[in-house]
Each structure stands twice: as C-alpha cells, then as structure tokens.
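All remarks here apply to the structure that follows.
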Amino acid sequence: MKYTFTLLIALLLAPLISLHAAEPKVFDIMAHGAKGDGTTLNTQMIQQAVDACHDAGGGVVSVPKGVFITGSLRLKSGVVLRVEKDAILRGSPKIADYTVETAELHWFDAQDSLNMFKSINTQHRPALIYAEDAEQVRLEGSGVIDGQGGVASKIFPNKGDPQRRIPMLIRFERCRDVRLTGLTLIDPAMFTTFFARCTDIQIERITVRSRDSAAYGNAFVLAGSRRVSIKDCDADCKDDCIALQTFHPDWPNEDIEISGCRLTTRWCAIRIGCESFGATRRLTMRDCTFTDCQGGIKIESSGGQTHEDLSFSNIEMTKVCQPIMVLASRFAFSKHHQTRRPPIGHIRNVRFEHIKAVVGDGGILRSKSGWEAPYKRYCSAVVSGPGSRIEDISFYDIDITFPGGGTAEQAARLDVGELLEAFEYLKWAVPFDGELPGSALYLRHVKGVRLENVRFAVEKPDARAFIAGDDVQGLTLQGVVGSAPAPVPGLAKLADAKNVTDKDCRVECGTSVPVLIAPTTEELRRLSELRTRSAALDREIQQKADQFDAEARKDSKTK
Numbered sequence: 039m040k041y042t043f044t045l046l047i048a049l050l051l052a053p054l055i056s057l058h059a060a061e062p063k064v065f066d067i068m069a070h071g072a073k074g075d076g077t078t079l080n081t082q083m084i085q086q087a088v089d090a091c092h093d094a095g096g097g098v099v100s101v102p103k104g105v106f107i108t109g110s111l112r113l114k115s116g117v118v119l120r121v122e123k124d125a126i127l128r129g130s131p132k133i134a135d136y137t138v139e140t141a142e143l144h145w146f147d148a149q150d151s152l153n154m155f156k157s158i159n160t161q162h163r164p165a166l167i168y169a170e171d172a173e174q175v176r177l178e179g180s181g182v183i184d185g186q187g188g189v190a191s192k193i194f195p196n197k198g199d200p201q202r203r204i205p206m207l208i209r210f211e212r213c214r215d216v217r218l219t220g221l222t223l224i225d226p227a228m229f230t231t232f233f234a235r236c237t238d239i240q241i242e243r244i245t246v247r248s249r250d251s252a253a254y255g256n257a258f259v260l261a262g263s264r265r266v267s268i269k270d271c272d273a274d275c276k277d278d279c280i281a282l283q284t285f286h287p288d289w290p291n292e293d294i295e296i297s298g299c300r301l302t303t304r305w306c307a308i309r310i311g312c313e314s315f316g317a318t319r320r321l322t323m324r325d326c327t328f329t330d331c332q333g334g335i336k337i338e339s340s341g342g343q344t345h346e347d348l349s350f351s352n353i354e355m356t357k358v359c360q361p362i363m364v365l366a367s368r369f370a371f372s373k374h375h376q377t378r379r380p381p382i383g384h385i386r387n388v389r390f391e392h393i394k395a396v397v398g399d400g401g402i403l404r405s406k407s408g409w410e411a412p413y414k415r416y417c418s419a420v421v422s423g424p425g426s427r428i429e430d431i432s433f434y435d436i437d438i439t440f441p442g443g444g445t446a447e448q449a450a451r452l453d454v455g456e457l458l459e460a461f462e463y464l465k466w467a468v469p470f471d472g473e474l475p476g477s478a479l480y481l482r483h484v485k486g487v488r489l490e491n492v493r494f495a496v497e498k499p500d501a502r503a504f505i506a507g508d509d510v511q512g513l514t515l516q517g518v519v520g521s522a523p524a525p526v527p528g529l530a531k532l533a534d535a536k537n538v539t540d541k542d543c544r545v546e547c548g549t550s551v552p553v554l555i556a557p558t559t560e561e562l563r564r565l566s567e568l569r570t571r572s573a574a575l576d577r578e579i580q581q582k583a584d585q586f587d588a589e590a591r592k593d594s595k596t597k
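For this note's numbering, count along the sequence shown from 1 and bump the result up by 38.
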C-alpha cells in the first residue's frame with residue numbers, strides 16, 4: 039500500500055518537476071553590471087551574460103526596461119537574447135566599439151566601371167549582433183534593437199574612419215536553427231538582418247523601420263540559406279524589403295516560405311537574384327501586401343545563375359511602379375566568376391496567381407538630377423538577353439490596373455534595346471532604354487508563357503496594346519481581358535511569335551478591336567535593324583570582356 043501511494047505521488051509530481059526542469063535559466067544583464075541609462079557602454083557586461091548563458095548550457099539573456107548602449111556582441115549556441123517590453127538595445131555610435139571579428143563577406147570584385155562595390159568587403163563587415171557557426175540561437179521579445187544608423191543622425195560612417203565602416207544590425211554566418219520573434223528593429227546603418235549559409239531560419243512578427251538608413255536598410259537578406267520561413271512581418275525599408283542574394287555558386291537559396299507580410303520600400307518588396315552568382319530554388323510567397331514600392335516582385339539572373347520553382351500568390355499591391363519584373367542578363371558581380379562576362383542564366387517554372395495591383399508612383403528616388411526617371415516606367419516584363427529564353431512562366435487570376443497614357447510613338451517601339459550591358463552597374467540596374475511598347479506586359483526571348491483569367495486595365499487613354507513583345511515561343515492567352523477608357527489597337531502586338539493561342543479573350547474599349555495585331559512593316563524593319571546592331575554590339579562587348587579576362591590571367595601568373 040505504501041509503495042502504491044509513493045508511486046501515485048511521484049506520478050502526480052512528475053509533470054511539475056518536468057515543467058520546472060524545462061524552464062530556461064535567465065541571465066539578467068543588469069546582474070552583470072549593465073546600466074540602462076542611455077549613456078553607459080555595456081558591451082562587456084552584456085557579452086559576459088551571453089558567455090555565462092552559453093557556458094551554463096543555454097538559457098535566456100534578458101535585456102530589461104531601459105536604454106542599453108552596446109558595441110558589437112557575439113551570440114553563441116543555445117542563447118536566447120530577449121529584449122523585454124520597454125527595453126531598447128542601442129548600438130554604439132562609435133565604430134571602434136564594434137570589435138567582434140566577423141567572417142569575410144563573399145561579395146563582389148567591383149569589376150563594374152563605377153567601382154560601386156570596391157570597398158564593400160571591409161566597409162560592411164561589422165555587425166551589432168553577430169553569430170558564427172552557432173546553433174539554436176534566438177532573438178526575441180517585444181523590445182527594440184536600434185542601430186543608430188538613420189541618415190539624420192549622421193553617425194555612420196564615423197568622421198575620420200579611413201575604412202568608412204557601416205555596421206549591419208544583425209548578421210549570422212553558417213548558423214543553424216535560428217529564430218527571430220516579436221522584435222522591432224530600427225535604423226540599421228546597413229542591412230537590418232543578413233543570413234549567409236544558414237539553415238532552418240524562422241522569422242516571425244518582426245517589425246523593421248529602415249527607410250532612413252545610412253546605407254541599404256534591407257529588412258531580410260538571405261545569402262545561400264536553406265529552409266527559411268518569414269511570417270507576419272512588417273517592413274518599411276530604404277532598399278529591398280526581402281532580398282535573396284547568392285555570392286558563391288555552391289551556396290544556393292532554397293526552400294523559402296514567406297507569408298502574411300506587409301512591405302513598403304523605395305525599391306522592391308522582394309528581389310531575387312540581384313548582385314548574385316548562385317541559384318534560388320523552391321520559393322513560395324503568399325498572403326502579402328506591397329504598398330508604395332518602386333518594384334513589387336523582381337526576379338533577376340545576372341551572373342549565369344538559375345532561378346526555378348518560384349510561386350507568388352494572394353498578393354495585393356498599391357502604388358507600385360513595376361509590379362512584376364523577370365529579367366535575365368549578364369553582369370559579373372561575384373569575385374567567384376571566372377570571366378568578366380558570365381553566360382546568361384536560366385529562369386523557369388515561375389507562377390503568379392491571385393494577384394491584384396494598382397500601379398502608380400511608389401518608392402522611387404526623388405532628386406533634382408532626374409536619375410529617378412527610369413524607375414517611373416509603369417510596366418511588367420519578362421525579358422531575357424539574346425541567345426537565351428526564360429521558360430514556363432504562368433499568370434493566373436491576375437488583376438492589374440496601370441495609369442495608361444502611352445503614346446503612338448511608344449506603341450511603335452518594338453525595337454527596345456536588348457539586355458546586353460556587361461560593365462556598368464547603373465545601366466544594368468535600369469535595363470530598358472525607354473518606355474516599353476505594351477501598357478501592361480512586355481515579353482522578349484521567352485518560351486512557354488501562359489496567361490489565364492487575367493485582367494489588364496489602363497486608367498487613361500493609351501495608344502499601346504496591353505501586351506507587346508518579340509521572339510515569343512509558345513504563348514497561351516485564355517480569358518484575358520484588356521480594359522481602357524478609349525480605343526486601343528488590340529490586346530497583344532507580337533513580332534516573331536510562334537505557337538500563340540487565344541481563347542475567350544477580349545478588349546473593352548468602346549469599340550471592337552482584334553485580340554492579336556501584327557506589327558507594321560516599319561516596326562519590323564526597325565526591329566530587324568536593332569537585332570543587327572545588337573549582334574555587333576554583343577561581339578564588341580564580348581571582345582572587351584575576353585581582353586579583360588586575358589589580362590587578368592596574365593596578371594595572376596605574374597603574382
């Protein structure tokens with residue numbers, strides 16, 4: 039009887055004992071001497087708390103109410119850094135306080151003529167919060183992490199710093215099982231978060247405010263990371279909100295899920311492949327809203343990389359200049375390129391569905407120089423460079439309203455310049471040499487494009503067809519409707535198009551117009567001349583690239 043009673047008590051207490059044992063140990067940074075007075079430099083005290091937590095087998099490092107100034111911190115395996123309610127963890131304004139040694143950035147080799155990235159590997163290596171080769175690392179809480187990197191503060195780069203260093207806010211290298219939850223991240227001097235070669239990342243309910251950052255200010259940058267979830271985040275950024283970049287051919291971005299995010303930025307809500315060398319595969323993005331952005335969804339293959347199996351669904355856009363851009367060109371960003379002019383990469387199997395957008399001025403740079411003008415071109419495009427094709431792109435249940443206002447001169451511009459640029463960053467970043475000949479969608483060097491249950495509308499009279507392009511192989515139009523307040527030429531004007539089918543398509547413009555219209559003889563003549571000029575220019579660019587490569591090989595042998 040006594041044995042039975044003892045066993046019963048043990049069984050009843052077991053859950054309580056287990057619960058108590060599961061509670062993580064808490065390391066309050068104030069117990070290590072930190073002061074939340076907004077002036078004391080707490081780097082050493084906070085790092086001591088992190089080290090103690092790690093040495094104890096893991097737990098929670100708590101940042102309580104107050105303003106805690108710190109230099110760079112190195113997080114370690116098993117550590118949860120919790121910034122509590124009414125707590126601010128604020129980066130030191132002195133770059134000398136960012137002493138944590140960080141990994142090399144496998145970035146660009148600055149081959150472009152503007153040398154825009156010449157010093158980036160040293161300039162942006164520091165970070166306020168850094169982790170390397172760590173596991174089970176957490177950043178959580180309802181507090182704020184402040185990088186003090188706003189333009190108005192004029193803190194970074196520090197005056198007198200010869201390297202002009204600008205720290206990231208949060209940077210993880212080769213980490214596994216990383217979680218960011220609930221925090222507000224403000225004023226990063228550079229990237230807000232940067233994940234390089236990390237796996238199993240969960241980012242949830244993070245608020246980012248980086249519109250006034252000193253440089254870039256991207257909310258979430260993934261560089262060669264796998265199995266990533268970004269959920270229910272709210273970002274207002276200076277640069278792309280979500281950027282998938284790959285700086286080495288063996289470090290692809292794979293298995294990415296993005297959902298429930300609210301994004302606004304001067305640039306793109308999501309940008310895939312910019313300044314990259316490796317692949318992006320198996321990405322899904324759903325249930326998101328984009329507001330006041332220069333670009334909505336932008337997919338680029340510039341360095342020979344492959345982007346495939348990408349899906350975007352249930353997305354609403356308002357005041358977005360260019361809602362969907364899919365581009366393949368040639369530009370040598372990565373120092374891992376073996377040539378100044380890499381081959382054109384591949385983009386295939388991309389699906390856009392259940393997307394609604396109202397196109398208009400959003401997010402663009404505004405300056406007296408007029409440099410912002412190319413970014414005000416309202417369009418969507420799927421375009422590859424000559425000699426390659428973007429394949430298997432589908433649009434289903436799409437409703438996009440454009441401003442309209444296109445002229446007859448623009449409508450005749452089938453001879454838009456090819457994507458040939460190889461050396462200058464700005465010419466690569468602004469790929470088209472003028473307004474496009476379609477008011478809604480421009481296609482070139484594509485194969486297997488399908489539009490089903492798609493509605494394109496223009497608010498003002500427009501002399502262009504809704505869809506325009508050339509060198510199109512396999513285009514299916516089913517249930518596509520174009521709507522305009524005044525007559526337009528037709529739904530689609532295509533040159534050198536093969537295997538084009540249309541079913542249940544129409545144009546609503548107050549009069550009867552054809553679905554498919556042929557280019558004029560003059561338009562075809564100019565397009566033919568463009569191809570001749572482009573072929574010659576392509577050979578010239580290639581000769582310069584070959585000469586550059588030969589000189590580079592010669593220099594490497596003499597070293």
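The beta-carbon is built from N, C-alpha and C at its ideal position, and this holds for glycine as well.
Mapping the DSSP letters down to three states, classify D238 as helix, strand or coil.
strand
In chain order, what residues of the same chain have a beta carbon less than 6 Å from the beta carbon of W289, not counting five sequence neighbours either side?
R235, G262, G316.
When the Cα of G334 is compared with those of S340, T356, V266, which residue comes out closest?
T356
Anyone know if the C-beta pair for R324 and N291 falls short of 8 Å?
no
Would you identify the three-state DSSP class for A87, choosing helix, strand or coil?
helix
Considering only DSSP beta bridges, list what I337 is partnered with.
I310, V364
Got a sec, what are the start and stop residues for the alpha helix (DSSP H) A446 sits in?
446-449
Measuring CA to CA, which of F350, E354, Q283 is closest to N387?
F350
According to the Cβ coordinates, are I280 and D199 closer than 8 Å?
no
Using only alpha-carbon positions, find the residue among G528, V510, C543 that is nearest to V519.
C543
Can you give me the C-alpha to C-alpha distance between L452 and S251, rounded to a whole angstrom?
Cα to Cα, L452 sits roughly 40 Å from S251.
Can you tell which of Q174, C275, P557 has the C-alpha that lies nearest to the C-alpha of Q240?
Q174
Please report how far the alpha carbon of E490 lies from the alpha carbon of R389, in whole angstroms.
11 Å
Considering just the uninterrupted stretch of the beta strand (DSSP E) at H384, what are its terminal residues?
384-397
Can you name the residues that DSSP bridges to C326?
I353
Between Q86 and the rest of its own chain, which residues show a CB-CB distance below 7 Å, the 5 nearest in sequence each way excluded?
H70
Straight-line CA distance for K114 to V98?
12 Å
Can you grab the Cα-Cα spacing for the pair F194 / D225, in whole Å?
11 Å
Under 6 Å Cβ to Cβ from S521, same chain only, skipping five residues before and after it: list those, please.
A495, E546
Grab me the residues of S422's own chain with a C-beta within less than 6 Å of its C-beta, minus the 5 sequence neighbours each way, in chain order.
A366, I428, H483
Is it the case that the Cβ atoms of P205 and Y254 are separated by a distance below 8 Å?
no
In or out: Q186 buried (at least 16 other Cβ within 10 Å) or exposed?
buried
Is DSSP giving M228 helix, strand or coil here?
coil
Would you kindly check if the distance between the Cβ of V64 and the Cβ of G96 is under 8 Å?
no
Which residues share a DSSP beta bridge with N291?
T318
By a C-beta neighbour count over all protein chains shown, 10 Å radius and 16 as the cutoff for buried, is S339 buried or exposed?
buried
Going by Cα to Cα distance, which pick from D293, L458, G341 is closest to R320?
Closest option to R320, Cα to Cα, is D293.
What are the start and end residues of the beta strand (DSSP E) that includes Q201?
Looking at the DSSP string, Q201 is not in any beta strand (DSSP E), and its letter there is neither H nor E.
Would you identify the three-state DSSP class for I67, choosing helix, strand or coil?
Residue state, collapsed to three classes: helix.
According to DSSP, T549 sits in a beta bridge with which residue or residues?
T549 pairs with nothing; no bridge assigned.
Return the bridge partner residues of C275 from the DSSP annotation.
S248, T303
Identify every residue that forms a DSSP beta bridge with D75.
V105
Between S130 and P164, is the Cβ-Cβ spacing less than 8 Å?
no
Any idea what DSSP makes of R502, helix, strand or coil?
If DSSP states are grouped into helix, strand and coil, R502 belongs with coil.
Quick check: the Cα distance between C359 and P62, rounded to an integer number of angstroms?
48 Å
How close, in whole Å, do the beta carbons of T302 and T322 come, if the pair is a contact with beta carbons under 8 Å?
The pair is not a contact, with the Cβ atoms about 21 Å apart (cut-off 8 Å).
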